[in-house]
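Chains as they are written, first to last, in my numbering: chain C, 3 to 648; chain D, 35 to 596; chain S, 759 to 1142; chain U, -15 to 312.
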Amino acid sequence: MGYQQKLSGVVASTGLLSLMLIGSFASAWAADYKQAPMLDEQVKAGKLPAVANRLPEKPYVETMVDGVGKYGGTLRTTILANGDQYNLTRTIANELLVRWDPQWKKVMPSLAEEFKASDDATTYTFRLRKGLKWSDGQPFTVDDIMFWYEDVFMNNALSPAKNPTFTVAGKPVKLTKIDDQTVEFKFDSPYGLFLQQLAYGQGHLPVIYPKHYLKQFHEKYNKDGIPALLKANPAAGDWVALFNSKISLSFQPPFWQNLELPTLNPWVLTVPYADSERVAATRNPYYWKVDTAGNQLPYIDNVTWAKLDDPQVMALKMTSGEFDFAFRHINNSTFKSVLFDGQKTGNYRIVDVKDLPASDATILLNLNSTDPVKRKIFQNKDFRIGLSHAINRQEIIDLVYVGQGAPAQVAAQPEHELFNERQAKQYTEFDPKRSAEILDKIMPKKDAEGFRLDETGKRFTINFMVADVFGLSYPDIMQMVQQYAKDVGIDIQIRTTDRARLNTMWAANEQDAYIWNCVGGLSDAYTDVRCYMPFQKADIFFAVRWAEWYANHNSGEEPPANIKELMAAYDKVNAAVTDDERRERTKEFLNLSADNFLNIGISRPMPKYMMVSKNLKNVVNGLPIAGNLWHPAPTLTQWYFDKPVK
Amino acid sequence: MSIMKSTILEVQDLQTVFPTRTGVFKAVDGVSFALNRGETLCVVGESGSGKSVTARSILQIVDKPGRIEGGSVLLTRADGSTTDLAKLDPRGREIRDVRGKEIAMIFQEPMSSLSPVHRIGTQIGEALRIHFGTAKQEQRERVLELLRQVEIPRPESAIDRYTFEFSGGMRQRVMIAMALACNPSVLIADEPTTALDVTTQAEILDLIKKLQQSHGMAVLFITHDMGVVAEIADEVLVMYRGKVMERGPVERIFHAPQDAYTRRLIGSVVKLEKKAEVRLARKPAPAGTLPLLDVRNLSLTFPSGLKAVDDVSLTVRPGEALGIVGESGSGKTTMGRCLLRIYDAQTGAIDYRRPDGDTVDIRTANKATLEKVRREVRMIFQDPVGSLSPRKTVGDIIAEPLKIAGMKGRELNDRVADLMQQVGLEPAWRERYPHAFSGGQRQRIGIARAIALKPRLIIADEATSALDVSLRSQMLDLMMKLQDELGLSYVFISHDMSVIRYMCDRVAVMYRGKIVEVGETDQVVNNPVHGYTRALLSAIPHPDPRNRRIHNRFRYDSVRTV
Amino acid sequence: MTDITSLPPETTVSLDLHRKDMAVAGQWRLFWLKFKKHKIALVSLVVIVFMYLVAAFADFIAPFDPNAANSRFTYAPPQGLSLMLNGSFQPHVNQLKMTLNTESMRREFTSDPTKSVSVSFFVPAQQPYYVLGFIPMQTKLFGLTNPKPGDSLYIFGADRLGRDIFSRVVHGAKISLSIGLVGVFVSLILGVTIGGISGFFGGWIDIVIQRFIELLRSIPTIPLWMGFAAAIPTSWPPLRTYFVITLIVSLIGWTSLAREVRGKFLSLRNEDFVTAARLDGMSEVGIIFHHLVPSFISHIIATLTLAIPSMILAETALSFLGIGLQPPIVSWGVLLQEAQNIRAVAQAPWLLFTPAAAIVISVLALNFLGDGLRDAADPYESVS
Amino acid sequence: MIRFIAKRLVFAIPTLFAVSIIAFIIIQLPPGDYLTTLMADWASQGGAVEAGTVAAMRDRYGLDQPIYVQYFKWITGILMRGDFGISFDFGKPVTELIWNRLGFSLLLSVLTLCFVWAIAIPIGILSAVRQYSISDYTATFLAFFFLAVPDFLMALSAMYIMSAWFGQSVGGLFSPDYVDAPWGFGKLFDFAQHVWLPVVVIGLGSLAALVRIMRANLLDELSKPYVTTARAKGMSELELLLRYPVRLALNPLISTLGWILPAVISGEIIVSVVMSLPTTGPLLLRSLLAQDMYLAGSLILLISVLTIIGTLISDILLAITDPRIRLQ
């Protein structure tokens, strides 16, 4: 239902933008720029420059969902008390050189008003908006990017390993400053996916390091002053620790604890994510976006997060109207019906969120298992097909997803250009008879309890690791799968665990099998193919040794020919320069992946939801969100309260 | 003055009952008596006679669920007004005004009868505050005066101390001071000296007498000790199972008792005033026999530094009963236990002569030897309850040493039956548990266990002190009968000189861990040499009102100087 | 969770030991006679025996497999079981009518009093099973007379997967009640051994052990449990995990038991009847088993009984923290943990109240029972 | 008195050391370390963690050193500089994170203790004085009932009831308006409005024990002879009850502080998690799960220290109230 809805308005205007574009058509309004009333006083008092001087020459003009909004109000939302800094990042901090359009179809200008890719997909040039300013009023220029590159990224003390977004085939990018506004990224080999990667959250690295503030903590710039700073900050042992305590990747805590750190975000912290029972942020007077009427964004003055330890309390407070917006931790099926009932008392509505991975629940058998018997069986595609047919997907959907969804394998979603029906539908029929026939060929012998025996004559048992994460009811699903597998003679033992423990096992390649969600349902199918082939090591671990080999042929284990063929197909995707070529190469790659049938999916995912106050306008319904697509931050600046707030 | 006028408290047909699951237990059943001004009335009786409940009924402070069911308690004041205390609400204002002000009371256990966490000054002064609302400073003055009256040394510092910082006698003085606070006209003393040593008892009795005279109080004195009665009473009330058996002047009760129970009671007390008759008939032990037990220079110091046994030497001859007498804390029990290596003495020797003539030093004997010796030297304990496992039948208890010695089957059964008969128990009771027996019977079980292995020496530690006086002589007679039958020797430890005099050939007097005097019983009793022995003997109340002597007792001064 | 493993003793009902019939009454008979006077404890004993019987015969009593899901009946409310229909004995429940609300993502149920579904006792089981693990059975205590699709029997409602809460609670009793027993057994061994050693040998051994116990008691239990529970390898099968969790839970129990045993040892060691036995030539081992153990075994039973409820509660606390037993094992803690959310509290309170009631009833009953046992533990006190 | 306290203090030192070792072992028990948690977190945000970064961090945090070296570093830091190490998770020194929360934990525990005592003592007295009456049975039953309800269950239910039925704002210790406000009358009032619910929930669980102790002690004391003595003085029953047996029955109650405190703290941890209170509970839970070892270890250590101090205080209180202990 919801995911099919078109995004009104936005589509039309963004569709016009071409890859090579684009400046702004806003300069004509320069004289008419308006600011939030809360800033008037400061401007009058001379503490703040006039709005036109705070904005860049050509501000980014945000396209509105409902229309031009009103200033004012505090957005009350919530955050887990500990370890939930991503929530802050995803809500108010995702300003990048380039960005995805709100429907996640195209890469568009953002801080860079223009960008260009070379024909061999190795060199990328970006021109920054002129007059961009950090939240403390200092200019943001290419020098800041070069500071990141030369003194952070290439500094082996600060970056002992290089972020893969900025490396290709193990070689880091080379940056060259062309002028104050222009910078060039050059790779040794083709990297056609770089712009896409740069538009995801992980691409924020070059634009979060304000040189004017950070250089005092850097050995290169302030060697003499550092001992005094260290003395004032005894927790840091050396300048590296000191530097890291002032800034970090935005998903690490120091970023959200340092009130002094200048940013390019729409709101700046006033109460850090630390000891207090809340976190608060207020508008950045130097924010560089305006609405179509020339009003400087954001509309909402302040954002506050109540720190809570238990999602149950979040839900309770949502339904009693203590929040205007809530999303993470309570937008799963457990809370849906309570939150649905609470709309009236809580004065909020429920809005669709297109958090559509390739599969919400995927059975990942360890093809590189250290147990030779299990490895052989898991690597047998027929075994995977047999197991897939044993699963009554419709029953799982009825039970766990209240009938919402359809049986599907790991695949791009039907609405996406990369959708492959065969990949999505193959082997999804519930057919225990056929399953048993297939398995009979692999493991014909059974013991007294009807469980199949492996070639050594022992009962073939899969120890399944299950973590209760994301509110996706993995334990419930696995309990059902266990039953289905039993019916065809496969013994599954469920081992409940938590995420960190799973990570330990993955790192050691100790797991037989586990259940997880698979990214790559929408446009991330281009860049994040970890479920479609043995890829990088993050969350998805079904063939770690092959993935290691793919990253570096001197490590890991050389995969069989069919897997190598799959990897080669993906290399072609990365080498593609044009959108069309990339799409075709990816389709070929996904087709090949479907042939290999590496993992077993359960159901097509359904949209998730978020709660927003009935008073909030300009809220995108059906906003796409993914692990590396850090929404709703980029759209939050246009939210506004249409009724006066207290 | 007429008799009516001098009566201050008249109890008529008092009935106090305790409802139980099975019915109503009449603790006090129709008791009547009159207490005259300035006189002392002793209520005497054995345990369970209802004497304490009678005393408490007067002030309506009987413990729950007891209650007064009938009768009257008529209090006549100096101004002639009277109140029937039994009719008052036990929680009401009127009876509270009487308590502590007109009628005061002191109790048996001064330690537990005083609050451990309140200063004694506060506790004494409290009655003043309750009844007269006396101001703090004035209270303190009055308390100091009271402390002086009860002869507590250094009253200025004593007033701010706690009960546990005082000795037993001093605590009882505190109790008395408390009772005297409001100048009551009646003092009820509920076994006030039972928990005290004889010398201390004598002092407290003295004090009460003195204060009674100076305050003109009537005293109702509850006791089980006929000696005390003879020493202090003007009138006596003999109680038995809640009823009054006899009532009259002390002279008549002791010398012309009318009631059979009274006669029996007096008889058993008087009996213990002299040497047992069996012993009179006995031939004296042949002189020159080698001692059965020869203890030399035995010392035991506890980790706390207390010298419980200090250089003790004594001998026990075959067939002889050696008495060890001493007050609490004299180390007599510890010494007795050292003899069987229950405690390990640090220095000295305990030479025990085995039947084959070998001598064994029990103090240093090895395990196997000790085991043998312990079959020949046995022990009888003071507490008839604690010394018998409640979870075993009487038969099992008596059979235990026999079983360990290897006896079994029919032989064992027969032997147990014999033993039971020997100590005066029905062999048919062997399946019963100790809880089904009275104190005296239990002590017989303990004796049967002790003699099961045909021992040669029995160490009896206060074997009769937990028993009522009428049972005491029976038990002693039994022990002496067994002595003759089995050729036993005894080490008889007791605080009670009369039982020693009754049963022992020789006596050793212990004082602060040392033996201060040893000798033939007759000689020690009649001609004590050591000062302490003299003090001890002279403090013993004599059950003859015609011969009141503890007021003229000998006081051993080193008590304070040592 | 709570550390309170032992409550102070109830003051006493005493026996009249001088009654004639008591003369040959041994320890256990007196124990029983005294215990009988404690009416609440007596009732609690009946309740506890009943609970343990339910646990033992869970497979027979529970009409359904505790893990059998039914997609038609997720969050189905309790169906009141009525015994009479039209004036005659006809046990039945009313049929549930289900509508799917896709907007709020839930199934909505209405009871239809016009359509009754017949329920009978001793119905054939869907598949043969074993009671107590070895008695083959074909019959269930009760169930639907003629199960048809669309009929349901949820006397205490259904959970999010349409599983029968009644069956789950009954099956949960097996784990939860046995955790108490096994845990108590472990505590017993630890407590009696260590406490016995401490009390019997005294001296520096006693001091070291007492310090150690004090130390353990000063560490709040939650982090202690979490550390241990998190250390359990995930590859372990559920049964082993269960035993280790029991061990962890009993960590709290043994210290108080050890103290109790030590105290008893210390006080009994100097009792005259023990001295008498020693003088009789009885060996130390003989004294321990003939005199000491019989003297405090009743106290131990009482203490153990009082320790069971705290173990049951500890299991629920571990489950709450997500480090206890895990599904598919069904325990009361697991059930509570599954119901520990706003959805259950607000819209399906039966998920919460049914296991909570089971826990509260058994904990209450065990506490009262333990109270009565402790009261009766020393039937001789009125004598001494 | 001073000697007594000094002796207790000296006794506490080896206990503290042992606690620090146990705390350190507890946090080392689970497999993996903080970096595995970090990797999992990064992965969920679409990032992959390069092996080099992990190795560098492990080296930086000293996680690759043997456990006794780590322990030694940690404990010497605490003893020498009051430095409890850094929290990996927060990237901050542990000392900056915990004092505030420890303060609230302590406050909550003390309030809870006060609450429990304030209701347990009168109920205990009533129960003892009216032994075997309806009120005795009711009190006993209720106390046991609250003992039997798991505290997390009680916390959630109470919160739901207060929120849904009475419209009270639940969770936390302050309303948003007062979170960062300076202490004042308004904030205090707001605090009181929030704090009573957790205090009641935590307290009720420990109620049973205290009521039973009070009742048993008092019954014990009521039968003591000094009660009769006081009665014989003519004291009124109420004054007598309060002045003597109740006063004495309180002594053993004071000594329960030592073991009721760990129970209250454990309860506080769980209830704080459910009710989102800014106490050590949620922080400890999170740090244990994230294997943020110095934070977790320091919290366990400090909570245990609080318990030990609590025991010490109870010993001292007991010595003050009971001259037998003080003077012997």
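We put the beta carbon where it would ideally sit given N, CA and C, even for glycine.
For Leu137 of chain U, the enclosing alpha helix (DSSP H) starts and ends at Asp135 to Tyr144. Glu269 of chain D sits buried, since 16 or more C-beta atoms from the chains shown fall within 10 Å of its C-beta.
By the C-beta density criterion, Tyr116 of chain U is exposed, having fewer than 16 other C-beta atoms within 10 angstroms. Collapsing the DSSP output to three states places Asp823 of chain S in coil. Boundaries of the beta strand (DSSP E) around Asn859 of chain S: Ser846 to Asn859. Within the DSSP bridge table, the entry for Asp495 of chain D names D:Ile527 as partners. One alpha carbon belongs to Lys36 of chain C, the other to Asn422 of chain C, and they sit about 48 Å apart. Spatial neighbours of Ile584 of chain D in its own chain (CB-CB distance under 8 Å, excluding positions within 5 residues in sequence) are listed in chain order as Ala236, Leu239, Asp240, Glu265, Ser572, Ala573, Ile574, Pro575 and His576. Uninterrupted alpha helix (DSSP H) stretches at least 4 residues long and entirely within the segment 203 to 284 of chain C occur at 213 to 216, 228 to 234 and 241 to 248, given in chain order. With respect to the 8 Å criterion, His850 of chain S and Ser829 of chain S are not classified as neighbours on the basis of their beta carbons.
Taking the Cα positions, Asn576 of chain C is about 9 Å away from Thr588 of chain C. Unbroken alpha helix (DSSP H) stretches of 4 residues or longer found wholly inside the segment 248 to 312 of chain U: 264 to 274, 277 to 305 and 307 to 311, given in chain order. Sorting U:Leu301, U:Thr213 and U:Leu91 by C-alpha distance to the C-alpha of Arg227 of chain U places U:Thr213 at the top. For a Cβ distance threshold of 7 Å, residue set Ile1100, Arg1101, Ala1104 and Gln1105 of chain S lies close to Val340 of chain C, ordered along the chain. One thing to note: Val272 of chain D has its Cβ no nearer than 8 Å to the Cβ of Glu285 of chain D. Using a CB distance below 9 Å, no part of the segment 63 to 93 of chain U faces chain D. Rounded to the nearest whole angstrom, the CA to CA distance from Met143 of chain U to Ile249 of chain U is 20 Å. In the DSSP assignment, Ser1089 of chain S falls outside any beta strand (DSSP E), carrying neither H nor E.
Nearest CB-CB separation between Ser282 of chain U and chain S: not below the 8 Å threshold. The secondary-structure analysis by DSSP pairs Thr79 of chain C across a beta bridge with C:Trp307.
The beta carbon of Arg308 of chain U sits closer than 8 Å to some beta carbon of chain D. The DSSP-derived three-state label of Glu445 of chain D is helix. Collapsing the DSSP output to three states places Asn370 of chain C in coil. For Met482 of chain C, the closest Cβ of chain S is nearer than 8 Å. The beta carbon of Tyr196 of chain D sits closer than 8 Å to those of Pro150, Val151, His152, Arg153 and Ile154, all from its chain and outside the five residues before and after it, given in chain order. Pairing Ala163 of chain C with Gly36 of chain U gives a Cβ-Cβ distance under 8 Å. Cβ atoms of Val1007 of chain S and Glu1073 of chain S come within 8 Å of each other, at about 6 Å. Beyond the five residues adjoining it in sequence on each side, Leu899 of chain S comes within less than 6 Å, by CB distance, of Phe818 and Ile819 in the same chain, given in chain order. Among the residues of the segment 42 to 60 of chain U, none has a Cβ less than 9 Å away from any Cβ of chain S.
With fewer than 16 other Cβ atoms inside 10 Å of its own Cβ, Arg114 of chain U counts as exposed. Taking one beta carbon from each stretch, the segment 1028 to 1048 of chain S and the segment 1008 to 1017 of chain S have fewer than 3 pairs nearer than 8 Å; the two do not touch.
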